[in-house]
Structure formats: C-alpha cells, structure tokens
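Counting in full-length UniProt numbering, the sequence shown runs from 1 upward without gaps.
The C-beta atom is built at its ideal place from N, Cα and C for all residues, glycine as well.
So the structure is just underneath, and the comments pick up after that.
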Amino acid sequence: MARDNSGYRMWNWLLILVVSLIPEYSQPELAPDALLIQEGTASFYGRRFHLKRTSNGEIFHMDSLTAAHKTLPFGTRIKVTRVDTGEFVWVRVNDRLPKNSRRIIDVSRAAGTQLGLIDDGVTKVRIDVENPEEIDRLIEYFGDDPPATMRLRPVEDAVIPPSLEIDTSIPFF
1 MARDNSGYRM WNWLLILVVS LIPEYSQPEL APDALLIQEG TASFYGRRFH LKRTSNGEIF
61 HMDSLTAAHK TLPFGTRIKV TRVDTGEFVW VRVNDRLPKN SRRIIDVSRA AGTQLGLIDD
121 GVTKVRIDVE NPEEIDRLIE YFGDDPPATM RLRPVEDAVI PPSLEIDTSI PFF
C-alpha cells in the first residue's frame, strides 16, 4: 500500500519559500570610499623630534605608530594608505602640523617605514577612519566649520534587498 506524500512535499516547499524570504541580517556593506576623509601629501618625521614633547603633551617616540595632523582631534585612529602602492598603516594622531604646511599628515618613522616612505620622503596618501561612528564623531567635533580639505559626510547603511530564489523543479502539488 503506497503512502501519499503530496501533503508533506507541499509543506516542505512552503517552508523553503518562507525561509528564503527572511532577510539576511549582516553587517551592511559600505562603499569603497565611505570612510575616506582626506587625500593629499604625506611625509615622515623621526630622529630630530625623537623624545621631544608633542602638541598633546606626550613624548614622541619615532618607533611608535603616531602622526601629526593639522586639525584631527588628538587620539583619532586613522588608516593612512599610500595611493601608488596600496600599502597602509593605522596611526593615532598625537601631534599638530603647522597650519601653513603643504602636507596633510606627517607620520612617525615607524609608520613611514611600513608605508615604504623612508626612501621617497613624500608620497600621495588617503586617510580613512575606522567606522561610520567615527565620521559622526568628527562631524560633531567640527560642527558648522569643518576643514575645507576634509570630506565629512554621514554614512548611511545600504539597503540591500534579500535575494529570492525559488526552486521550480519541486512539484507544487
């Protein structure tokens, strides 16, 4: 005596359909330049300033991963990427550049070594922050007067519709 499995198959198919409609909850994707805040020229500094006091009061160590920037708040962690090679390093801002400097950032000798900057002296770089919350913090920090050379805009989550795949090879009834 054969069993009728058509009801079982229908419920299986409906379950697959319902599960495929549930959106995937994952980290939203960001545009490649969503965390980019500045582009320009970088150099490094080292021996002459080693063990001297920085603008925020710390003692500069050329072997630490730190940087001098004109306007970013002290303590800000940024990713400095060499445009021509893609090499990058994460640094913490603990010093100031002169307002009239043509460079956007000076990195410590250790950071310059990681960027392959020691032989070149200067190079084009891009500066990114860690996450969208850091962009929001900088927007709040600068208020209505952000630096003209800095790109600060809120990052919005991308709306990505869930993919819907229906297996039509399963008989409906």
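- Here Glu130 carries a coil assignment [DSSP, helix/strand/coil].
- Note that the C-beta distance between Gly40 and Arg96 is not below 8 Å.
- As the crow flies, the alpha-carbon of Glu165 is around 32 Å from that of Pro132.
- In the structure shown, the three-state DSSP call for Ala148 is coil.
- The Cβ atoms of Leu72 and Asp128 do not sit closer than 8 Å to each other.
- The residue from Thr123, Ser64, Val155, Lys124 with its alpha-carbon nearest to that of Glu130 is Val155.
- For the 8 Å CB-CB criterion, Gly112 and Phe44 form a contact.
- Cβ-Cβ distances below 6 Å link Lys52 to Phe60 in the same chain, with the five nearest sequence neighbours on each side left out; the list follows chain order.
- Unbroken alpha helix (DSSP H) stretches of 4 residues or longer found wholly inside the UniProt domain "RlpA-like protein double-psi beta-barrel" (38-127): 109-115, given in chain order.
- Closest option to Thr54, judged by alpha-carbon separation, among Ile105, Val93, Arg82: Val93.
- Note that the C-beta distance between Val107 and Val80 is below 8 Å.
- Its Cα nearest to that of Gly57, the residue Ala68 stands out among Ala68, Arg47, Asp63.
- Cα atoms of Arg126 and Val83: separation of roughly 7 Å, rounded to the nearest angstrom.
- Assigned with DSSP and collapsed to three states, Leu138 falls in helix.
- Beta-bridge analysis with DSSP links Leu36 to Asp128.
- In terms of Cβ geometry, Ala110 and Leu138 do not form a close pair [threshold 8 Å].
- A Cβ-Cβ distance of about 21 Å is found for the pair Lys99 and Lys124, leaving them out of contact under the 8 Å criterion.
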